[in-house]
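As given, the protein sequences belong to chains L, C, F and A, one line each in that order. For the first sequence, the numbering used here begins at 977 and goes up steadily by one. For the second sequence, the numbering used here begins at 977 and goes up steadily by one. For the third sequence, the numbering used here begins at 977 and goes up steadily by one. For the fourth sequence, the numbering used here begins at 977 and goes up steadily by one. No residue lacks a Cβ here, since even glycine has one placed at the ideal position from N, Cα and C.
There are 4 protein chains.
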Amino acid sequence: MQSRRPAARTGRPRSAAADAAILAATREALVELGWSKLTLSDVATRAGVAKTTLYRRWAGKNELVVDAVAELFDELELPDRGSLAADIEGVVLQFAAILDRPEAKSGLMAVVAESTRDDALRARIRTSIVDRQKRLVMEGRVRAQKRGELPGDNDPAQAARSADLIFDMVAGAVVHRTLVSARPADEAWVRDLTRLLVLGLAGAARAS
Amino acid sequence: MQSRRPAARTGRPRSAAADAAILAATREALVELGWSKLTLSDVATRAGVAKTTLYRRWAGKNELVVDAVAELFDELELPDRGSLAADIEGVVLQFAAILDRPEAKSGLMAVVAESTRDDALRARIRTSIVDRQKRLVMEGRVRAQKRGELPGDNDPAQAARSADLIFDMVAGAVVHRTLVSARPADEAWVRDLTRLLVLGLAGAARAS
Amino acid sequence: MQSRRPAARTGRPRSAAADAAILAATREALVELGWSKLTLSDVATRAGVAKTTLYRRWAGKNELVVDAVAELFDELELPDRGSLAADIEGVVLQFAAILDRPEAKSGLMAVVAESTRDDALRARIRTSIVDRQKRLVMEGRVRAQKRGELPGDNDPAQAARSADLIFDMVAGAVVHRTLVSARPADEAWVRDLTRLLVLGLAGAARAS
Amino acid sequence: MQSRRPAARTGRPRSAAADAAILAATREALVELGWSKLTLSDVATRAGVAKTTLYRRWAGKNELVVDAVAELFDELELPDRGSLAADIEGVVLQFAAILDRPEAKSGLMAVVAESTRDDALRARIRTSIVDRQKRLVMEGRVRAQKRGELPGDNDPAQAARSADLIFDMVAGAVVHRTLVSARPADEAWVRDLTRLLVLGLAGAARAS
DNA sequence: CCTTAAGCGAGACGGTACGTCAAGTCTTGCG
DNA sequence: CGCAAGACTTGACGTACCGTCTCGCTTAAGG
Chain L
977 MQSRRPAART GRPRSAAADA AILAATREAL VELGWSKLTL SDVATRAGVA
1027 KTTLYRRWAG KNELVVDAVA ELFDELELPD RGSLAADIEG VVLQFAAILD
1077 RPEAKSGLMA VVAESTRDDA LRARIRTSIV DRQKRLVMEG RVRAQKRGEL
1127 PGDNDPAQAA RSADLIFDMV AGAVVHRTLV SARPADEAWV RDLTRLLVLG
1177 LAGAARAS
Chain C
977 MQSRRPAART GRPRSAAADA AILAATREAL VELGWSKLTL SDVATRAGVA
1027 KTTLYRRWAG KNELVVDAVA ELFDELELPD RGSLAADIEG VVLQFAAILD
1077 RPEAKSGLMA VVAESTRDDA LRARIRTSIV DRQKRLVMEG RVRAQKRGEL
1127 PGDNDPAQAA RSADLIFDMV AGAVVHRTLV SARPADEAWV RDLTRLLVLG
1177 LAGAARAS
Chain F
977 MQSRRPAART GRPRSAAADA AILAATREAL VELGWSKLTL SDVATRAGVA
1027 KTTLYRRWAG KNELVVDAVA ELFDELELPD RGSLAADIEG VVLQFAAILD
1077 RPEAKSGLMA VVAESTRDDA LRARIRTSIV DRQKRLVMEG RVRAQKRGEL
1127 PGDNDPAQAA RSADLIFDMV AGAVVHRTLV SARPADEAWV RDLTRLLVLG
1177 LAGAARAS
Chain A
977 MQSRRPAART GRPRSAAADA AILAATREAL VELGWSKLTL SDVATRAGVA
1027 KTTLYRRWAG KNELVVDAVA ELFDELELPD RGSLAADIEG VVLQFAAILD
1077 RPEAKSGLMA VVAESTRDDA LRARIRTSIV DRQKRLVMEG RVRAQKRGEL
1127 PGDNDPAQAA RSADLIFDMV AGAVVHRTLV SARPADEAWV RDLTRLLVLG
1177 LAGAARAS
């Protein structure tokens, strides 16, 4: 999660409790203050930790917030609800629920914005957050193929392109709905989204 | 664009040139420095204007950047390319091109992130940027209905919901592709996106 | 009092009332705010006058305050109380009373401090304020000589030196008492001061 | 000299060198710029210190200048020259020499002016500067009494009043001579001042 | 068990930007 | 041309965080 140190074997080991306290304090501060007013001094105080301890483990605000937010997405999973549409609805609702929490709202978009000028940060976001979700898309696709809801992949490259597209559309739609349009991604909306998507996929399967 | 003052007729009038210079300087600074390293002092210097002049017209960094970025979207338009799919492709490519510019990338997501904690800012974003694009969706819908590509609106409320959904999906997908996935929203990708969407709409029209 | 303009005969003449209003407003602001927090904008507002009008007549804060304070000293006079000691006591009490007013306290020392680095300002202070008081010393001396309380001036240069010394001692003592020691220059104190001074002068007269 | 903190034993200790550098830089800036153009930013730069360091130790310009000027008066002492008159002359010349230095001229009167509206500042001036000098008056008085030049104190309250008066007269005269009259408090002038004072004191002793 | 190297808290440090304020100038339109 | 109004440039203000540093103390592993 944080910078790997190459096997320091002597000296006092780092407190494991501090990490958890810091990440929790970060989320708490995100809720209360939002990204732009969050300060590392404040986080350190909340965590009952010195500023130096914090800087020893994270390079700065961006990295810290990525890790703090990433933990929120660990709870995402893909339950088997019996059909492609139901599976999608389930996972999208989970995603929307996470994104509706203020610590995710405030933090996630901000680090994405920062990542437009910081490749290392973008890589960290991808590793810690995005790829974790994309895995769900792949699993859902395989599961739907087993069920016969989607055709098998004749062309693997085409399959990857399709997965990327679906992922951008679904994740993008939820984010846009939640943050830009500022309206809730509730069950009705998710049902409409899923319906449009599944119909599109079905049409594409017929056409190909 | 900035706060309207109710017709002050006495005293020296505000320099109109300064507004343009400031917004241009803001975009320039966004390109070079990105959102988080952009400072109002620097913008003022670039614009050849005093910091106080800047604060007299905008409440802060957020408001300024919204206005600076909003001007980028003024060039969006919906050319008639003969079919719904072609129209969508055309406008999405325009949107993607704007979003690919560094001043838009850096600035837009940052103010969206800020807006999660600032209702006035969100309203400003909506007025200055979002609604301008949504108008294109409405126009495209009407045009497609005239062509017979889409059924007429039996239920206006349902039509609005549908337009909102499409807008969130398309805009969200482009944003997610560009900023999160960090891959270009090029013609091939846009064609795939459009195809999936049009098939979905067609399927929905059949089903209803 | 203010900068002399050499007979402008065309255009709208300057409002004479404005001068008085500005100086009164300056004293009022001195009372309320003190020297360092007094601003020319505020003075202009109080006087119901534009800032430009103020700058057209005074070069800056220092000059304005000198003139505003100088008017306070116009009321000083040397009443004939029948003896040197009584005359001194009378005028010193008057001086102490003026110096006790907050607009004098705040303003006078500040401009004196400024004048250590500004010869023109020092000259203005001397002309407008100091020499007006020193005249009283000279008058008192002559009057005492007429009464036979002091010997005539055999040596005019020595007489001038003596007058200067007395002036510095008396004025300096009152200022120091009032501002530095921050205790009132009341009747008892003035009587002690006068007694010491008159005894000294008498001793000097005997010794020469 | 600055605010006493009650023995903080944790954290990085304050640099002692910084204090000296800041006070020296303040005096240097007073010489070059005078009180009103002295800025704390400039002082910080001269001292090779961050502005925050300066504000951490002094509340503002006034407090800083008081301390910077106070150090100048540390060199004052009362040498035993054998007679009351000679002792007075000696110490007055020292005082005049200090007051003639531009950093004292510029700074001292300004803070006195400010102190008319700031009781804490006046107390600081009194503690750091005034009382240090007044001690010299008391010592001189005792020494003269031992020599038989002045009568013993029958009435202690009267003695204190007398000492206060002498102090205000002498210090006030030197200040007035130097700053208001703007003429040097040289040996001849100091001799005249001392003579008048000693004659007055002698007369008072005879009369009582 | 005892050295020893790192972790740790506290908080001072040099910086940079903030948003505000006052100084003094300039630009309007009105009288 | 005087004047009121108010926008303008300039530059200092005092504050807040940044990320680094210097202390003195604590803590575990390894000799």
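Handout entry: Own chain residues within Cβ distance below 7 Å of Ser-1017/C, not counting five before or after
Key = Within the same chain, Ser-1017/C has close Cβ partners Lys-1027.
Practice task
Return the chain-ordered ranges of every alpha helix (DSSP H) run that is complete within the stretch 1089 to 1130 of chain L and spans a minimum of 4 residues.
Solution key: Given a length threshold of 4 residues, each whole run of the alpha helix (DSSP H) inside the stretch 1089 to 1130 of chain L is given here in chain order: 1095 to 1101, 1107 to 1123.
Problem - Any chain F beta carbon closer than 8 Å to Ser-1017/A - result: Closer than 8 Å: no.
Problem - Beta-carbon proximity of Ala-1180/C to Leu-1175/L, cut-off 8 Å - result: Yes. Within cutoff.
Practice task
Mind listing the chain A neighbours of Asp-1168/F? Cutoff is C-beta to C-beta under 8 Å, in chain order.
Solution key: Those are Arg-1137, Ser-1138, Leu-1141, listed as they occur along chain A.
Practice task
State the Cα-Cα distance for the pair Arg-1171/C and Ala-1061/C, rounded to the nearest angstrom.
Solution key: When rounded, the separation of the alpha-carbon atoms in Arg-1171/C and Ala-1061/C is 7 Å.
Problem - Ala-1136/C versus Asp-1168/L, Ala-1136/L, Gln-1134/L, residue with shortest Cα-Cα distance - result: Here the closest residue by C-alpha is Asp-1168/L.
Problem - Segment contact flag, the stretch 1070 to 1089 of chain A with the stretch 1146 to 1164 of chain A, C-beta cutoff 8 Å, min 3 pairs - result: With three or more CB-CB distances shorter than 8 Å, the stretch 1070 to 1089 of chain A counts as touching the stretch 1146 to 1164 of chain A.
Problem - Contacts of Leu-1040/C in chain L (Cβ-Cβ under 8 Å) - result: For Leu-1040/C, no chain L residue has a C-beta closer than 8 Å to its own C-beta; the minimum C-beta separation is roughly 14 Å.
Exercise for the section: Quick one: which residues of the stretch 1084 to 1096 of chain F get their C-beta closer than 7 Å to a C-beta of chain A? List them in chain order. Expected result: For the stretch 1084 to 1096 of chain F, which is checked against every Cβ of chain A, the residues closer than 7 Å are Met-1085, Ala-1086, Val-1088, Ala-1089, Glu-1090, Thr-1092, Arg-1093.
Problem - Chain-ordered neighbours of Ala-1082/C on chain L, where CB pairs are closer than 8 Å - result: It is worth fixing the name first, because residue 1082/C is Ser in this sequence and not Ala. Within 8 Å Cβ-Cβ: Ala-1089, Thr-1092, Arg-1093.
Practice task
Please check if any C-beta of chain F sits within less than 8 Å of the C-beta of Val-1151/A.
Solution key: Output row for Val-1151/A: interface = yes.
Handout entry: Whole-angstrom C-beta distance between Leu-1112/F and Leu-1054/F, which should lie under 8 Å
Key = In this structure Leu-1054/F is in contact with Leu-1112/F, their Cβ atoms being roughly 5 Å apart against a cut-off of 8 Å.
Exercise for the section: Tell me whether Leu-1173/L counts as near the ligand ATP, meaning its Cβ is closer than 7 Å to at least one heavy atom of that ligand. Expected result: No copy of the ligand ATP appears in this structure; indeed no ligand is present at all.
Handout entry: Cβ neighbours of Gly-987/A in the same chain (closer than 8 Å, five flanking residues each side left out)
Key = If we look at Gly-987/A and ignore the five residues flanking it on each side, it has no Cβ neighbours.
Handout entry: Contact with chain C by Val-1156/L, beta-carbon distance below 8 Å
Key = Chain C contact via Cβ: present.
Practice task
Could you tell me whether any Cβ in chain F is nearer than 8 Å to the Cβ of Asp-1107/A?
Solution key: Output row for Asp-1107/A: interface = no.
Problem - Per-residue DSSP class, three states only, for Thr-1170/L - result: Helix, per DSSP.
Practice task
With 8 Å as the threshold, decide whether the Cβ of Ser-1012/L is near any Cβ in chain C.
Solution key: Put simply, the CB of Ser-1012/L is near chain C, with a gap under 8 Å to one of its CB atoms.
Handout entry: Arg-1033/F versus Ala-1046/F, Gly-1010/F, Ile-998/F, residue with shortest Cα-Cα distance
Key = For Arg-1033/F, the closest C-alpha among the options Ala-1046/F, Gly-1010/F, Ile-998/F is that of Ile-998/F.
Exercise for the section: Taking Asp-1144/C as the query, report the chain L residues whose CB atoms sit under 7 Å from its CB, ordered along the chain. Expected result: Chain-order list of chain L residues neighbouring Asp-1144/C: Ala-1149, His-1152, Arg-1153, Ser-1157, by C-beta distance under 7 Å.
Practice task
Determine, using beta carbons only, whether Arg-1100/F comes closer than 8 Å to chain A.
Solution key: By the rule that beta-carbons nearer than 8 Å mark a contact, Arg-1100/F does not touch chain A.
Exercise for the section: Spatial neighbours of Leu-1048/F within its chain, please: CB distance less than 6 Å, with the 5 preceding and 5 following residues excluded, ordered by chain position. Expected result: Cβ within range, chain order: Ile-1074, Ala-1080.
Practice task
Name the residue from Val-1088/A, Trp-1011/A, Gly-1128/A, Arg-1119/A whose alpha carbon lies nearest to the alpha carbon of Arg-1102/A.
Solution key: A check of alpha carbon separations from Arg-1102/A across Val-1088/A, Trp-1011/A, Gly-1128/A, Arg-1119/A identifies Val-1088/A as the nearest.
Practice task
Counting only the same chain and skipping the five closest in sequence on each side, list residues whose C-beta sits under 6 Å from that of Pro-1127/C.
Solution key: Answer for Pro-1127/C: Ala-1181, listed in chain order.
Exercise for the section: Using a cut-off of 8 Å between C-beta atoms, extract the partners of Leu-1052/L located in chain C. Expected result: From the beta-carbon of Leu-1052/L, no residue of chain C is found nearer than 8 Å; the closest lies around 16 Å away.
Practice task
State the Cα-Cα distance for the pair Leu-1177/C and Ser-1138/C, rounded to the nearest angstrom.
Solution key: Distance between the alpha carbons of Leu-1177/C and Ser-1138/C: 10 Å.
Exercise for the section: Compute the beta-carbon to beta-carbon distance between Ser-1104/F and Val-1042/F, rounded to the nearest angstrom, for a pair I have assumed lies under 8 Å. Expected result: Between the beta-carbon of Ser-1104/F and that of Val-1042/F there is about 6 Å, and that keeps the pair under the 8 Å contact cut.
Practice task
Pick out whichever of Gly-1024/L, Leu-1052/L, Val-1166/L has its Cα sitting closest to the Cα of Asp-1107/L.
Solution key: The shortest Cα separation from Asp-1107/L among Gly-1024/L, Leu-1052/L, Val-1166/L belongs to Leu-1052/L.
Practice task
Identify the contact partners of Arg-1171/A in chain F, using a Cβ-Cβ distance below 9 Å as the criterion.
Solution key: Here the neighbours are Gly-1176, Gly-1179, Ala-1180, Ala-1183.
Practice task
Between the Cα of Val-1045/L and those of Glu-1163/L, Leu-1084/L, Ser-1091/L, Val-1166/L, spot the shortest distance and give me the residue it belongs to.
Solution key: Ranking the options by Cα distance to Val-1045/L, first place goes to Leu-1084/L.
Practice task
Tell me, please, whether the CB atom of Arg-980/C is closer than 8 Å to any CB atom in chain L?
Solution key: The predicted model places Arg-980/C with a pLDDT of 45, which falls under 50 and marks its position as unreliable; any figure quoted below should be read in that light. Using a CB distance cut-off of 8 Å, Arg-980/C does not count as an interface residue toward chain L.
Handout entry: Leu-1006/C versus Ser-1091/L: straight-line alpha-carbon distance, rounded
Key = A direct Cα-to-Cα measurement between Leu-1006/C and Ser-1091/L gives close to 14 Å.
Problem - Cβ neighbour criterion (16 or more within 10 Å) applied to Gly-1036/L - result: Exposed, since its Cβ has fewer than 16 Cβ neighbours within 10 Å.
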